[in-house]
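Note that the protein sequences, when read in sequence, are chains D and U. Here the first sequence is numbered in this note's numbering, starting from 7 and rising by one per residue. Here the second sequence is numbered in this note's numbering, starting from -11 and rising by one per residue. First comes the structure, then the notes that go with it.
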Amino acid sequence: MSSLRFVAVSWLLQFKMIMRSPFDGFGNVIYPLFFATVAFFVFQAGSSPRTLVYASLGAAVMGMWSSVSTSAGSAMQRERWWGTLELLVAAPRHFALVLLPATLGLATVGIYNLVATLLWGRLLFGIDLKIEHPLLFALSIVGTVLSFGGLGFLFAVSFVRFRAAWVLGNFFEYPVWLICGFLVPLALLPGWVHPIAWVLAPTWGMNAIRESALGGTPLPDLLLCLGLGAAYVAFGVLVTDRVLRAARERGSLSLT
Amino acid sequence: MRLVSAAVAAIEAEGLRRTYKTATRVIRRKSLEIEAVRGIDFQVLEGELFGLLGPNGAGKTTTIKMLITLLIPTAGSARVLGLDVVEQAHEVRKRIGYVFGGERGVYERLSGYDNLRYFAELYGVPAHEQRRRIEELLEVVGLKGREHERAEGYSRGMKQRLHVARGLLHDPEVIFLDEPTIGLDPVGARDVRATIASLTEAGKTVLLTTHYMFEADALCDRIAVISQGRIVAEGTPTELKRGVAEGTVVEVEVFGGAHGALERIRVLGGVSSVAIEEREQAQVLVVQTAPGLELTQAILGCLDGSDVGRISQREPTLEDAYVALVTE
Chain D
7 MSSLRFVAVS WLLQFKMIMR SPFDGFGNVI YPLFFATVAF FVFQAGSSPR TLVYASLGAA
67 VMGMWSSVST SAGSAMQRER WWGTLELLVA APRHFALVLL PATLGLATVG IYNLVATLLW
127 GRLLFGIDLK IEHPLLFALS IVGTVLSFGG LGFLFAVSFV RFRAAWVLGN FFEYPVWLIC
187 GFLVPLALLP GWVHPIAWVL APTWGMNAIR ESALGGTPLP DLLLCLGLGA AYVAFGVLVT
247 DRVLRAARER GSLSLT
Chain U
-11 MRLVSAAVAA IEAEGLRRTY KTATRVIRRK SLEIEAVRGI DFQVLEGELF GLLGPNGAGK
49 TTTIKMLITL LIPTAGSARV LGLDVVEQAH EVRKRIGYVF GGERGVYERL SGYDNLRYFA
109 ELYGVPAHEQ RRRIEELLEV VGLKGREHER AEGYSRGMKQ RLHVARGLLH DPEVIFLDEP
169 TIGLDPVGAR DVRATIASLT EAGKTVLLTT HYMFEADALC DRIAVISQGR IVAEGTPTEL
229 KRGVAEGTVV EVEVFGGAHG ALERIRVLGG VSSVAIEERE QAQVLVVQTA PGLELTQAIL
289 GCLDGSDVGR ISQREPTLED AYVALVTE
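Right under this line is the structure:
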């Protein structure tokens, strides 16, 4: 109970901190506009309303992923710069429990990015989004947010050990857009990419969101997405103690 | 005078060592090992206020970080309340508080209250006690009325007081304070020292690191002087002062050439230690001499060619004892 309460309170406070940053706020208004514009121009030739909806949803999830991938690593760097990382490690809570709310907070901002991208698409390009299964659509978004949080958590754990590893968050941003089918269907990519895509939760989250919007069967995709997200968290928890011990041996917790 | 519990060690360090690995150059990198702590032993009794005194780079922060489980010792062992700091780190963390000086260590985008709320959750303060505890600590550290402002607007002194409140949220038995008054103005520093003094009145064990001699003298029951990773002296402030009670201190104001004369003065017979203080336009040579000797002329002889200002003699102080110990 106390752990659940801790996750809830720190999720709320992390979200508060993210929303108070003027640059993050500015970015959160502008980036969805970029993503919506990209989707519109790339898929304009298709002319089918279904293609545009497909692209609009992909652009929206692109924004959600970018919010998590680039920020998860820099979140650990920020804790270092603020001098708070050592305080978090020196606390009696398991460190995994401390990290998870931070990445969930970032993924929650991603929901805003998703909604903003869809709204920009509607306002600027007339992309009319009709949701076939609204409840499953909402659940798919929540499930994708949670799995993004889980993947961000895995990134953040490794960034505790390697203080320069935060750049990997930027490195993973674009490949995931392509490999997970945000921009183009997975079927159009080479066969060797498919197994990589299958083990990435964003692939299944994207499928679930599209299936629920366009009238398919999103449930299997949603369950796979959540299952993979849980696996990331479980793996992250298992390696957290080892990662922390390595950081304590090297003395890298206080280094920026 | 405070009474401390007899013979129960709250903190024990045995042969504690810590080495860092680093590298020089970009091409043809060469790895280096830096020994920050070179085998230290000390005990802090329950209810005691123990000072770890030393200059910058002496190994104070490295020592404290090993005790609070943030660093794993390269060799040796340490226990806090009987718990090993490496193998029982989780149990140690439940029972200790850690406060460090400076402006870092707070979430500036959150209010002071939210900072404390977060750390109260982090330290497992029961939900029904959190509000009362936070309000109480805000009162103690003098932040009442400012708690809902963002921490980014706090002065350095206010941030330091927020640190102190944070470190006490879970009512720890042992508190580690790493240079808690650094960078504070005299009034702010005095307030923090008063708070520190009250901690042992409440039965806490406190380990304080500082490079301010007067602070250690005023607050601590016992002091260990640490220099270049080793403890060079340990005892009560009175015992340490007794070590330099005899002898004389000669101060010579010099305008240029002080560094060149340092070694010549150090090798003079009867000189215990010599140090240089920078004071605006001049440098002051502070020379400790053995009792019964008059070495002023010999010292001036070593300064041939340099412009000399005021010359004075005085009794040695605890600060002189400290300087002698850390410059040996």
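Note that CB positions come from ideal geometry on N, CA and C, so glycine has one too.
Among the residues of the segment 35 to 62 of chain U, those with a Cβ less than 7 Å away from any Cβ of chain D are Ile56, Thr57, Leu58, Leu59, Ile60, in the order of the chain.
In the assembly as shown, D:Ile36 is an exposed residue. Its beta-carbon has fewer than 16 other beta-carbons within 10 Å. In terms of Cβ geometry, U:Glu36 and U:Ala66 do not form a close pair [threshold 9 Å]. In this structure, the CA atom of U:Cys208 is about 33 Å from the CA atom of U:Gly141.
Within chain D, Pro98 have C-beta atoms less than 8 Å from the C-beta of U:Lys82, given in sequence order. Taking 8 Å as the upper bound for CB-CB distance, U:Gly100 and U:Arg134 are in contact here, some 6 Å apart.
Straight across, the Cα-Cα distance linking D:Thr90 with D:Ser153 is about 26 Å.
U:Thr226: member of the alpha helix (DSSP H) spanning 225 to 230, first to last residue. Beyond the five residues adjoining it in sequence on each side, U:Arg6 comes within less than 7 Å, by CB distance, of Ala24, Val25, Thr50, Met54, Leu59, Pro61, Thr62 in the same chain, given in chain order.
Annotation: U:Phe243 is outside any alpha helix (DSSP H); the continuous beta strand (DSSP E) that includes it extends over 236 to 243.
Ranked by Cα distance from D:Arg11, the options U:Ala108, U:Ile56, U:Leu33 are led by U:Ala108. U:Val213 is classed as buried because its beta carbon has at least 16 other beta carbons within 10 Å across all chains shown. Only exposed fits U:Gly244, as fewer than 16 other CB atoms lie within 10 angstroms of its CB. Here U:Phe164 carries a strand assignment [DSSP, helix/strand/coil]. Take U:Ala46, set aside five residues on each side of it, and the residues of its chain with a beta-carbon closer than 6 Å to its own are Ile214, Ser215, in chain order.
For chain U, the residues of the segment 82 to 113 of chain D that bring a beta carbon within less than 9 Å of one of its beta carbons are Trp87, Trp88, Gly89, Thr90, Glu92, Leu93, Leu94, Val95, Ala96, Ala97, Pro98, Arg99, His100, Val104, in chain order.
Contact check for U:Leu110 against D:Val104 passes: the beta carbons are separated by less than 9 Å.
Among the CB atoms of chain U, none fall inside 9 Å of the CB of D:Arg167. At least 9 Å separates the beta-carbon of U:Thr193 from that of U:Leu165. If only uninterrupted beta strand (DSSP E) runs of at least 3 residues are considered, none is enclosed by the segment 52 to 101 of chain D.
Restricting attention to U:Ala278, U:Glu167, U:Pro279, U:Glu251, the CA atom closest to the CA of U:Pro43 is found in U:Glu167.
Taking 9 Å as the threshold, the shortest C-beta distance from U:Val94 to chain D falls below it.
Taking each of D:Phe101, D:Leu220, D:Ala66, D:Leu192 in turn and checking the Cα distance to D:Met82, the smallest one comes out for D:Phe101. When secondary structure is reduced to three states using DSSP, U:Tyr95 falls in the coil class, being assigned neither helix nor strand. Here the segment 64 to 79 of chain D does not lie against the segment 196 to 203 of chain D, with fewer than 3 beta-carbon pairs under 8 Å apart. Pairing U:His247 with U:Ile264 gives a Cβ-Cβ distance under 9 Å. Each residue's CA atom was taken as its position, placing D:Phe47 and D:Trp17 some 36 Å apart. At least one C-beta of chain D is nearer than 9 Å to the C-beta of U:Asp102. Distance between U:Ala115 and D:Leu19, taken at the CA atoms: about 16 Å. Every unbroken stretch of the alpha helix (DSSP H) spanning 4 or more residues and falling wholly within the segment 36 to 71 of chain U is given here in chain order: 48 to 55.
The contact set of D:Phe12 on chain U, defined by CB atoms closer than 9 Å, consists of Glu109, Leu110, Gly112 in chain order. If you compare the alpha carbons of D:Phe21, D:Arg56, D:Leu94 with that of D:Gly222, the shortest gap goes to D:Arg56. The shortest CA-to-CA distance from U:Ala278 to any of U:Val238, U:Gly64, U:Glu2, U:Leu228 is the one to U:Val238. Distance from the CA of D:Arg128 to the CA of D:Leu184, rounded to the nearest whole angstrom, comes to 24 Å. Residue-level contact check: U:His78 touches chain D, since one or more beta carbons of chain D fall below 9 Å from its beta carbon. Straight-line measurement puts the Cα of D:Leu157 at about 12 Å from the Cα of D:Ser72.
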